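Quick note on numbering: the sequence shown equals residues 1486 to 1717 in the numbering used here. Here the structure comes first, spelled out in structure tokens, and everything after it is commentary.
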Amino acid sequence: MRFLCLTLVSLAVLSGCKSIPVIFMPEHNVSVTGKTLNFDGPISGDSVLEALRVVRNSGAEIEKLRITSPGGDVLSGIELGYFVKENNLDIEVDTLCFSACANYVIPAAKTVLIKNGSLIGWHGGPRQSDEIWKAMAPSGDKEGLMKFVARLREKEDAFFKYIDVDPDITVYGQTSSKKCQLIKETHGWYYSTRDLAKMGVPNVVINGELASSIEYQGETISACLMPNFKDI
1486 MRFLCLTLVS LAVLSGCKSI PVIFMPEHNV SVTGKTLNFD GPISGDSVLE
1536 ALRVVRNSGA EIEKLRITSP GGDVLSGIEL GYFVKENNLD IEVDTLCFSA
1586 CANYVIPAAK TVLIKNGSLI GWHGGPRQSD EIWKAMAPSG DKEGLMKFVA
1636 RLREKEDAFF KYIDVDPDIT VYGQTSSKKC QLIKETHGWY YSTRDLAKMG
1686 VPNVVINGEL ASSIEYQGET ISACLMPNFK DI
């Protein structure tokens, strides 16, 4: 999967691995329409910086982020999440919000509207176990990789503390006994609005039905519904 490989490549490069092929990020499109920031594409340093520049140059008081994204790298996702939280933005998911988009954009929003037929999904993050990280990592400097993962965890912990959301939202699909991803062999999972509210993400409205599989930029991305599991 492209969205996963891009994350692994960035981690490997920053960990000191030498023989990594050059991979270019897919195209992204950002624009401002009225008081809405439109974001379509992977979340990367380039796309987030362009989004912030477009907002700044527009002079508009942005109230909503309309997003379609397969995810991207952790640090850029966190920065986009901070932008959403600091500007008290509503989020509209149009088609897809997966990986870093679900991890950091949805939890930071004032409200979330998910359009009919869209797919949302989580599939892990920095808080996932060291064993998973080491198994995913290319051969090479695993110690260097884990030092970088430790830095990601610190950044992520600070972010979730700032927005007051359960940080394990990124990994419950791996750690809960009620996991669905392995059984249904999907790329990720999503939560009921009930469980999202109990994790600190209360204002989520699904306008119709969520998709369990979707095509995006030549890739198929799938997710399954986690059974209700939050008893707190």
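Yeah, the Cβ is synthetic: ideal placement off N, Cα and C, and Gly gets one too. Bear in mind that the values here come from a model prediction, so they are computed numbers and not experimental data.
Identify, in the order they occur along the chain, each residue of the same chain with its Cβ nearer than 7 Å to the Cβ of Ala-1594, setting aside the five sequence neighbours on each side. Val-1569, Leu-1574, Asp-1575, Ile-1576
Here's the rule: buried if 16 or more other CB atoms are within 10 angstroms of the residue's CB, otherwise exposed. What is Glu-1641? buried
Beta carbon of Ile-1528 nearer than 7 Å to that of Ser-1561: yes
When you compare the CB positions of Gly-1530 and His-1513, do they come within less than 7 Å of one another, or not? no
Can you give the Cα-Cα distance for Ser-1584 and Trp-1674, rounded to whole angstroms? 10 Å
Alpha carbon of Phe-1645 to alpha carbon of Tyr-1567, nearest angstrom: 10 Å
Arg-1638 (DSSP reduced to helix, strand or coil): helix
Keeping to the same chain, check which residues put their C-beta closer than 8 Å to that of Glu-1628; ignore five residues upstream and five downstream. none
I'd like the ranges of any beta strand (DSSP E) spanning at least 3 consecutive residues and lying wholly in the region 1529-1587. 1549-1554, 1575-1583
What whole-angstrom Cβ distance do Ile-1706 and Leu-1581 have, given they're in contact under 8 Å? 7 Å
Taking 6 Å as the limit between beta carbons, can you name the residues of its chain near Ile-1691, skipping five residues before and five after? Ile-1599
Rounded to whole angstroms, what's the CA-CA distance from Phe-1524 to Ser-1554? Just pull it up for me. 8 Å
Counting only runs that start and end within the region 1602-1669, where is the alpha helix (DSSP H) found for 4 or more residues in a row? 1615-1621, 1627-1648, 1657-1660, 1666-1669
Grouping DSSP H, G and I as helix and E and B as strand, with all else coil, what is Ala-1682? helix
Nearer than 6 Å: is that true of the beta carbon of Ser-1698 relative to any heavy atom of the ligand GTP? The ligand GTP is not part of the structure shown, which contains no ligands of any sort.
Can you find the residues in the same chain that come closer than 7 Å, C-beta to C-beta, to Asn-1732, ignoring five residues on each side of it along the sequence? Residue numbering for the chain in the displayed model covers 1486 to 1717; residue 1732 lies beyond these limits and cannot be assessed.
Between the Cα of Lys-1520 and the Cα atoms of Asp-1649, Ala-1536, Lys-1549, Leu-1534, which residue gives the shortest distance? Lys-1549
Where the beta strand (DSSP E) through Ser-1516 begins and ends: 1514-1518
Rounded straight-line distance, which links the Cα of Glu-1535 to that of Ala-1620: 34 Å
Using CA coordinates, which residue listed in Thr-1518, Thr-1660, Val-1540, Gly-1556 is at the minimum distance from Gln-1702? Gly-1556
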